[in-house]
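Okay, structure first, notes after.
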Amino acid sequence: MANSDKPKNNKVNQESGSNKNKKKKLPPSKTKRFFKYFFLTILITGLLLSVVGVGYVVAVIKTAPALDVESIHDLNQTSMYYDNKGEVIDNIPTQEERYKISYEEIPQNLINAYIAIEDERFMTHPGIDVKRIIGAALRDVKVILTGEGGVHGASTLTQQLIKNTLLFEEASNENKADSGPLASVNRKIKEIYLSLKLEKVLSKEEIITAYLNTIPLGGYVYGVEAASRYFFGKKAIDLTLPECAYIAGITQAPSYYSAYNTEAKDYPNTYIDRTETVLMKMLELGSITKEEYDSAYTFTAENQFVFEPISTDYKVKYEWFIYPALEQVRNDLKEKYKYTDEEVNTLFVNGGLKIYTTLDTTIQDAVQAVLDDRNNLNVDWDSNPEDASTYDDNNGNGVQDEDEISYPLLQSAATVMDYRTGKVLALVGGRGEQPPHSINRAYDDLKPIASTTKPLTVYGPGIDTKIITAATPLDDAPVSSSILNKYGFTAGLNNYNFKFDGFITARDGIAFSKNITSVKLVDKIGIDTALEYGEKAGIIYNDVSKTSMSAIALGQHDNSPEDRDGGNTTILASAFGSFGNNGVRNEPILYTKVEDSTGKVLLEKEAKATQLFSPQTAYIMYDILKGPITRFDAGAAKFGDIPVAGKTGTTNNVDAFWFAGLTPYYSASVWIGYDIPQAMSGYSSAAAELWGKVMAQVHQGLEYKEIEKPSGIVNATICIDSGKLATDLCNQDQRNNRVRNEMFIEGTQPNSVCDVHVKVKVNKNNNKLATDNTPKDLVEEKVFIKKDNASKDAADFPYVVPTEKDDTKPEEKIKLSQIGLKQNMDLYDAIVILNDKGIKYTFVGGESVSGTLTPKTYTLINFTPEIVKDGTVELTIKKIDTPSEEPGIGGDDNNGDNPDNTPGNGENNGGQDNNGAPNPENPTS
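If you use our numbering, the sequence shown closes out at 931, no skipped numbers anywhere.
Written out as structure tokens, the structure reads:
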């Protein structure tokens, strides 16, 4: 058994020995397993990302615009503007359109300069520069890791052309907050795709020509031809080598490298260094010789450049209207899309925009014609030869002549708008033919608006805040020294006619344009409140005017050259429109819609509405503003039967006339004056007359209608001196009827009767308060007004209750009985007494002395018991049957002139004959 088992054991041992002699196999290490799976993951991820990336790129490419070779070859898609009927007016004026040049008109040095500094492999790459892309990527990685330097661009000229044309809008939007994180990547993919395609259909010459004609080079300058004229006053073909290098050098950052940069005058090294860089790169690439480089470098280093732009302006159709309209479009594009000015300029140039304006060309033409006609401006020409010397004076009279000058010295402006929508229909910024980009007096300019401010900052706010009503009496009398000092009226304050009317209603304060009541009312409602209304009305105030009573109450703005303020015809047309629009002021708009070249709506414009006044205040003010037309200086504004409301304005120095107003259809404003303010011979009625002629044209064919009165307005019969309910005494005022039917915001109408009118007894000879001593025949009862602190300078002062009492002294009286007269005495004795006292007498009752009076001829029956000094006694006598034979005295009437008082003294006194007997033929009465 044992032997039989051996072989088995030996076999096992052999096997065991055999296994021990072999190297034992170890399991894979963790590190190897990690790298194996890591690289596998990277490979799979890379493959997946490649698939996804390719898919993403393909998806983005599908959204790329079609390659419109013609639009690129034509260099731009012209933007157009349209009138309010949708009719094309003209192209938007652009520099590029006027300076499109061919390849042959571009100097080779300029082409070489751009290739050297922007795209050195332009002539050989297929639209993109792979080597440059890789280089830029590596440099950007270094920047990211080290934080030093800046990221580098890798766009070729072809890519830049695509970006500036087909992808302009997308490129402009990619940095906006709502554009998304991949906007730049998406645009770059499209740019590369379209660049590769473009290189297959256009030659290098065509591509660089299009690029150099479209490249933005600062502000409104597009293309190298425009840049050549803008910087050097010459055509591109005439540029020198340093000038070519300069223009190519500024492309990356036109504002920074421009010689017109505000800092470039003192620090020109910015553009000098950049130009030198371009020259060195051209030398490096062999574009220029060493001699050419040395000469150009010296020229540049010594800054021998002569920057001398030439005018590139040309007049566009309806320039007064179109430039403000484009400015509104520009501002709205910048606000909505966060564009820069340069991006907007490029969009105007290449975007193929359609801008639909609010311009009514028929009305614009009519208004321009009215203003151009000198006969419509009822203002005398200035006659100062010094002021006219810069204008043509062909007849040698020292004054400019209307037919001899290109643009008249006397100027005017006007704006017409639909105040319910805010759409401006006509905007005329000046008279006559004027150079392009002349000052637009209707839109851009600001001037003191004079009394046209009063409805907006004085009376409108007063009624709106319910501090006053249209019937509130305001005292048109000299302003107190405390108010004058408070608001700095060092030279005093007066009305236009230097007169004061005393109590007038707020309605009349506007109608007669009272300065005094305006200042007093603003002081009452508060200058800050008045300012707030003015700013809501669109009026501009600089820091000085914001605290100036003269500016806020009277429209005499500071208007310093460094900080212009005030208003213009567009601002006033908008503000006065609120009186017909339930108190809502609509912002003036000059366009309604902007579309891009594909028809996509970029902008839609609606007027911003501001509730300036309540509907009730607005309507009452509209009714009040009819007053200046029907009762004062603006009657010439009336035309036809259409209702008109408005206000004139005249500046302090009579150097500007205004009228602003409205009808149930439109609002409008006009201005007449000089660009350099100087006094005129005329009145603000001239502006009212011009306004009427303008609006007569605007309203041709329109029917009569009225503005609808809102609810919440009531009427009351009031006294215009108290503002309260009228009484009978108000009708008996010495100035005739002082009663009026007036409008009120419901709740502000008076509920008490007039307590200003009173009846007072006066001496009719001196108008003083009657006393007991006033003769009864001189006492008269009159109706006066009660008024505290009445001013003697005011026109109503004679009608104020007098404060002085009648100073007539009691008359001296003579009692005839006390001097000896008595009934039934001998007339002869009575006459002697009267002559002695120098008292005149006359006979009454039918009996009188006939012939010579002698004693015991007549009896004194009766006499006036009492007379005033110098009065006449009336004597009643009776003849005695038996006559006396004593000597006689004068008979009949007697004037008391008998100094001797004795009968028969031989003198002729008081009707006596020479012997003193009565003379019945010579009565004294």
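For glycine and all other residues, C-beta sits at the position ideal for the given N, C-alpha and C. From a predicted model like this one, the values you see are computed outputs, not experimental measurements.
Please identify the residue among the options whose C-alpha is closest to the C-alpha of residue i.
i	options	result
Gly826	Thr220, Thr427, Gly561, Thr870	Thr870
Tyr199	Tyr502, Ile67, Asp835, Thr346	Ile67
Ala122	Thr283, Asn192, Ala259, Ala270	Thr283
Ala581	Pro816, Ala543, Val676, Asn743	Ala543
Asn521	Ile533, Phe327, Phe506	Phe506
Gln829	Lys884, Gly92, Thr878	Lys884
Ser164	Gln417, Lys699, Val75, Thr636	As written in the sequence, residue 164 is Thr, which differs from the Ser given in the question. Out of Gln417, Lys699, Val75, Thr636, Val75 has the C-alpha closest to the C-alpha of Thr164.
Ser687	Leu383, Gln310, Glu308	Leu383
Asn841	Asp876, Tyr62, His131	Asp876
Gly438	Ala557, Tyr465, Tyr324, Ile531	Tyr324
Asp812	Lys340, Asn773, Asn574	Asn773
Ile256	Tyr228, Tyr465, Leu560, Asp470	Tyr228
Ala557	Val422, Phe585, Val525	Val525
Gly540	Asp482, Pro454, Gly498	Pro454
Phe238	Leu415, Gln310, Ala216, Thr220	Gln310
Glu853	Thr860, Thr865, Lys846	Thr865
Ala801	Thr604, Ala483, Ala233	Ala483
Gln114	Asn219, Ile294, Lys194, Thr69	Ile294
Asp761	Asn769, Ser161, Lys770, Cys736	Cys736
Leu731	Asn192, Pro479, Asp279	Pro479
How far does the beta strand (DSSP E) with residue i in it reach, from first residue to last?
i	result
Lys819	819 to 821
Asn747	745 to 751
Lys884	878 to 885
Thr421	416 to 424
Met86	86 to 88
Glu111	Neither: Glu111 is in no beta strand (DSSP E) and is coded neither H nor E.
Thr576	Not the beta strand (DSSP E): Thr576 falls in the alpha helix (DSSP H), residues 575 to 583.
Drop a sphere of 10 angstroms on the beta-carbon of residue i, count the other beta-carbons inside from all chains shown, and report buried for 16 or more, exposed for fewer.
i	result
Tyr273	exposed
Leu833	buried
Ser487	exposed
Asn658	exposed
Glu974	Since the displayed the chain opens at 7 and closes at 931, residue 974 lies outside it and no answer follows.
Pro594	buried
Val600	buried
Asp906	The predicted position of Asp906 is uncertain, since its pLDDT is 43 and thus under 50; a value taken from the coordinates is nonetheless stated next. Under this definition Asp906 is an exposed residue.
Ser758	exposed
Val335	buried
Leu291	exposed
Would you mind reading off the limits of the alpha helix (DSSP H) that contains residue i?
i	result
Glu205	189 to 207
Tyr834	833 to 843
Glu853	Glu853 -> no alpha helix (DSSP H), and no H or E assigned at all.
Asn219	210 to 220
Ala307	296 to 307
Pro489	Correcting the residue identity first, residue 489 is Ile in this sequence and not Pro. Where Ile489 is concerned, the enclosing alpha helix (DSSP H) stretches over 487 to 492.
Leu431	Counting along the chain, Leu431 falls outside any alpha helix (DSSP H), though it belongs to the beta strand (DSSP E) covering 429 to 434.
Gln334	325 to 343
Asn592	Premise fails: Asn592 lies in the beta strand (DSSP E), 590 to 592, not in any alpha helix (DSSP H).
Ile121	114 to 124
Pro621	621 to 630
Leu377	367 to 378
Ala643	Here Ala643 belongs to no alpha helix (DSSP H), and DSSP marks it neither H nor E.
Tyr236	230 to 238
Give every residue of the same chain whose Cβ lies closer than 6 Å to the Cβ of residue i, excluding the five residues on either side of it in the sequence, and list them in chain order.
i	result
Val550	Asp564
Thr367	Asp89
Arg426	Asn587
Could you name the residues of the same chain whose beta carbon sits closer than 7 Å to that of residue i, not counting the 5 residues immediately before and after it, in chain order?
i	result
Tyr449	Pro330, Leu433, Gly435, Asn574, Thr576
Ala119	Cys250, Ala251, Ala254, Val284, Met288
Glu992	A question about residue 992 goes unanswered here, because the residues of the chain that appear run from 7 up to 931.
Gly641	Ile635
Cutting at 8 Å between CB atoms, please list the residues of its own chain near residue i, excluding the five before and the five after it.
i	result
Thr754	Lys472, Thr475
His705	Phe645, Gly646, Ile648, Thr669, Tyr671, Tyr672
Val874	Glu817, Glu818, Lys819, Ile820
Length at least 4, wholly inside the stretch 249 to 275: the alpha helix (DSSP H) runs in chain order: 260 to 263
Complete runs of the alpha helix (DSSP H) confined to the stretch 503 to 570 [at least 4 residues]: 512 to 517, 521 to 531, 533 to 542, 555 to 560
In chain order, each alpha helix (DSSP H) run of at least 4 residues that lies wholly inside the stretch 677 to 738: 691 to 704, 734 to 737
Minimum length 3: unbroken beta strand (DSSP E) runs contained in the stretch 746 to 798: Runs of the beta strand (DSSP E) inside the stretch 746 to 798: 763 to 769, 785 to 791.
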